[in-house]
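**Q** The structure follows.
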Amino acid sequence: DTQLDLRRLAGVNSALRIYENTEWIPVRAAAVSTFDEGRTSLFDLQVAPITGTIGMLVGEGNRYVGIIPDGVELFVAQTADGGWRLEVAGVESAQRRSLDWATTFVPNAGGGEAVLAYTTPRWKQLVVIVQLLALVGTMSLAVRRLIGGRR
């Protein structure tokens, strides 16, 4: 019944084993500026877990909005990607890598109305177009050979 970050909930139906994740933090969380100090990888959380975070911003897909308090950083628990941008009070925030895999934004304007959005980089869009063209070309060659082989 003892697991790294799970605690068994007692007093629930005896036919079930229900656990609470005690180390869970929201995907988008506000944290004090030193929340990841001394933690350079995900494995460091086993020794020194992150505490005191507050879930922030609501939305779905690739756009989230809300109010960010002054004096906090926004931790985005998703793979680090330069496509993410955070604007607070109309000012773009600096970003840095956290825990060797995620992204943390450091608002330049303090707190205020925030928009976190993801935009696919142009080079990724170009790669998809090239892949589609290669697929269409390969299929047309295969159909041409199939039709040409029957004559």
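Numbering of the sequence shown is given in the numbering used here, commencing with residue 96 and proceeding in unit increments.
Just so it is clear, CB atoms sit at the ideal spot from N, CA and C, and this is done for glycine as well.
All of these numbers come straight from a predicted model, not from anything done at the bench.
Do A197 and V171 have their C-beta atoms within less than 8 Å of each other?
**A** Cβ distance < 8 Å, so A197 and V171 count as in contact.
**Q** Please report the residue range of the beta strand (DSSP E) in which W179 lies.
**A** Here the beta strand (DSSP E) through W179 covers 179-183.
**Q** Here's the rule: buried if 16 or more other CB atoms are within 10 angstroms of the residue's CB, otherwise exposed. What is Y114?
**A** Label assigned to Y114: exposed.
**Q** Assign V222 to one of three DSSP states: helix, strand, or coil.
**A** Helix, per DSSP.
**Q** State the beta-bridge partners of F170 as determined by DSSP.
**A** DSSP lists A124, T199 as partners of F170.
**Q** State the DSSP-derived secondary structure class of V107, mapped to helix, strand or coil.
**A** Residue state, collapsed to three classes: coil.
**Q** Are the beta-carbon atoms of R209 and L181 separated by less than 8 Å?
**A** For clarity, residue 209 is Ala in the given sequence; the question names Arg instead. Result yes, Cβ atoms of A209 and L181 sit closer than 8 Å.
**Q** Are the Cβ atoms of T215 and G156 separated by less than 8 Å?
**A** No, they are not a contact pair.
**Q** Taking the C-alpha atoms as reference points, what is the distance between G232 and A124?
**A** Answer to the nearest angstrom: the Cα atoms are 46 Å apart.
**Q** Just confirm the distance between the C-beta atoms of A184 and G154, as a whole number of angstroms; I'd bet it's less than 8 Å.
**A** About 18 Å; that fails the 8 Å criterion.
**Q** By DSSP, does G113 sit in helix, in strand, or in coil?
**A** At residue 113 the sequence reads Ile, which differs from the Gly that was named. DSSP places I113 in coil when its eight states are reduced to three.
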